[in-house]
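Everything below concerns the one structure shown next.
In the numbering used here, the protein residues as written are 3 to 204.
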């Protein structure tokens with residue numbers, strides 16, 4: 003069953019045991035500067051604006067801290083085996099590259115910094131990674147795995163549902179941005195072809 007199917011199939015409210023588990027998780031991150039930063043960044047406009055700070059802290063309690071060394075490619079385009087996590091950048095920068103058929107070398111699509119989410123599409127659908135991500139500097143990040151997301155769904159379905167909706171909206175926003183870039187690229191290509199045809203008439 004898909005993650006969304008799990009949400010739709012969950013009809014009973016969280017019981018006292020589940021509430022206690024969530025309370026314990028929140029206590030485990032009390033006083034953690036890294037957890038506070040992660041929660042602040044997670045509900046920022048660059049990430050998931052739809053979450054409030056309390057919800058973001060709940061999500062962070064299911065994430066784990068991680069460090070990535072400068073120069074390491076931690077996501078590879080087309081990878082089908084390591085699609086089970088989403089990463090929130092806390093500190094450092096990441097280059098996002100993709101392969102274009104007409105070029106021998108990958109092109110840099112964008113550079114991401116603190117507050118950026120990486121890999122959220124793979125977290126939800128498990129499909130092959132759509133781009134490669136390399137650390138430009140040493141990274142501090144927080145990782146949410148699909149297993150942890152399923153646990154959040156079991157413990158607090160309301161927060162999990164809001165998180166997944168926020169991720170879906172973020173993905174839709176990125177797709178719209180890509181479509182606009184493709185339109186601009188098509189317009190530039192057409193203009194260049196018209197200029198070439200004007201200079202070199204048949």
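Glycine included, C-beta positions come from ideal geometry on N, C-alpha and C.
Helix, strand or coil for residue i? Go by DSSP, reduced to three states.
{"i": "residue 72", "result": "coil"}
{"i": "residue 146", "result": "strand"}
{"i": "residue 35", "result": "helix"}
{"i": "residue 134", "result": "strand"}
{"i": "residue 25", "result": "helix"}
{"i": "residue 151", "result": "helix"}
{"i": "residue 109", "result": "strand"}
{"i": "residue 198", "result": "helix"}
{"i": "residue 47", "result": "coil"}
{"i": "residue 101", "result": "coil"}
{"i": "residue 127", "result": "helix"}
Out of the options, state which residue places its alpha-carbon closest to the alpha-carbon of residue i.
{"i": "residue 77", "options": "53, 55, 57, 121", "result": "121"}
{"i": "residue 136", "options": "100, 149, 128", "result": "100"}
{"i": "residue 145", "options": "44, 24, 22, 159", "result": "44"}
{"i": "residue 66", "options": "50, 72, 85, 37", "result": "37"}
{"i": "residue 147", "options": "41, 35, 84", "result": "84"}
{"i": "residue 139", "options": "75, 35, 156, 57", "result": "75"}
{"i": "residue 72", "options": "126, 87, 42, 143", "result": "143"}
{"i": "residue 176", "options": "190, 48, 35", "result": "48"}
{"i": "residue 107", "options": "190, 186, 134, 201", "result": "134"}
{"i": "residue 169", "options": "41, 39, 50, 33", "result": "50"}
{"i": "residue 123", "options": "87, 112, 156", "result": "87"}
Roughly how many angstroms separate the alpha carbons of residue i and residue j, rounded to a whole number?
{"i": "residue 174", "j": "residue 29", "result": "34 Å"}
{"i": "residue 196", "j": "residue 63", "result": "56 Å"}
{"i": "residue 55", "j": "residue 161", "result": "12 Å"}
{"i": "residue 46", "j": "residue 199", "result": "48 Å"}
{"i": "residue 69", "j": "residue 141", "result": "6 Å"}
{"i": "residue 110", "j": "residue 90", "result": "20 Å"}
{"i": "residue 114", "j": "residue 151", "result": "23 Å"}
{"i": "residue 205", "j": "residue 117", "result": "This structure cannot speak to residue 205, because the chain is shown only from 3 to 204."}
{"i": "residue 92", "j": "residue 82", "result": "25 Å"}
{"i": "residue 95", "j": "residue 164", "result": "27 Å"}
{"i": "residue 126", "j": "residue 98", "result": "20 Å"}
{"i": "residue 35", "j": "residue 182", "result": "38 Å"}
{"i": "residue 39", "j": "residue 112", "result": "23 Å"}
Going by beta carbon distance, what residues of the same chain come within less than 7 Å of residue i, once the five residues before and after it are set aside?
{"i": "residue 80", "result": "130, 131"}
{"i": "residue 22", "result": "none"}
{"i": "residue 171", "result": "52"}
Among residues of its own chain, excluding the 5 on either side of residue i, which ones have a beta-carbon nearer than 8 Å to its beta-carbon?
{"i": "residue 60", "result": "24, 27, 28, 154, 158, 161"}
{"i": "residue 57", "result": "45, 161, 164, 165"}
Can you give me the Cβ contacts of residue i inside the same chain, cut-off strictly under 6 Å, excluding the 5 residues immediately before and after it?
{"i": "residue 188", "result": "none"}
{"i": "residue 216", "result": "An answer regarding residue 216 cannot be provided, because it is not within the stretch 3 to 204 covered by the chain."}
{"i": "residue 31", "result": "37, 63"}
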